[in-house]
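The numbering of the sequence shown is the working numbering, which starts it at 5 and goes up by one.
Taking it in order: structure first as structure tokens, then the write-up.
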Amino acid sequence: MFMRIIEGTCPAAAMDAGGRFLIPVFRVRFLLIEKGINAVSLKPIMCIVMEGEMRYILSLEDPGDFMEHP
5 MFMRIIEGTC PAAAMDAGGR FLIPVFRVRF LLIEKGINAV SLKPIMCIVM EGEMRYILSL
65 EDPGDFMEHP
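Right, dumping it as structure tokens:
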């Protein structure tokens with residue numbers, strides 16, 4: 005049986021939070037099998053906060069999570 009995992013990152017639409025813009029970023033994982041997509045996993049990994057000219061990146065992952073993805 006053919007099976008393949010495809011993984012990538014995907015930003016969501018920016019949200020206005022009272023003068024600050026928040027852009028959540030997700031890790032997306034698809035499990036492809038012979039006849040289609042079997043499973044999809046969506047996990048938040050970071051949030052980009054924009055305030056005026058400033059940009060902040062907030063990690064939403066536990067440092068131990070990096071061990072799962074060699």
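Yeah, the Cβ is synthetic: ideal placement off N, Cα and C, and Gly gets one too.
Annotation for I9: R33, F34, L35 and L36 place their beta carbon closer than 8 Å to its own, counting only its chain and skipping 5 residues before and after. With a cutoff of 7 Å on beta-carbon distance, M54 and I61 are scored as not near each other. Note on geometry: alpha-carbon atoms of P15 and P28 lie some 6 Å from one another.
In this chain, the beta strand (DSSP E) harbouring K47 covers G40 to E55. Cβ contact annotation for M5 (same chain, cutoff 8 Å, sequence separation greater than five): I37 and E38, in chain order. The shortest CA-to-CA distance from E57 to any of D66, L64 and R24 is the one to R24.
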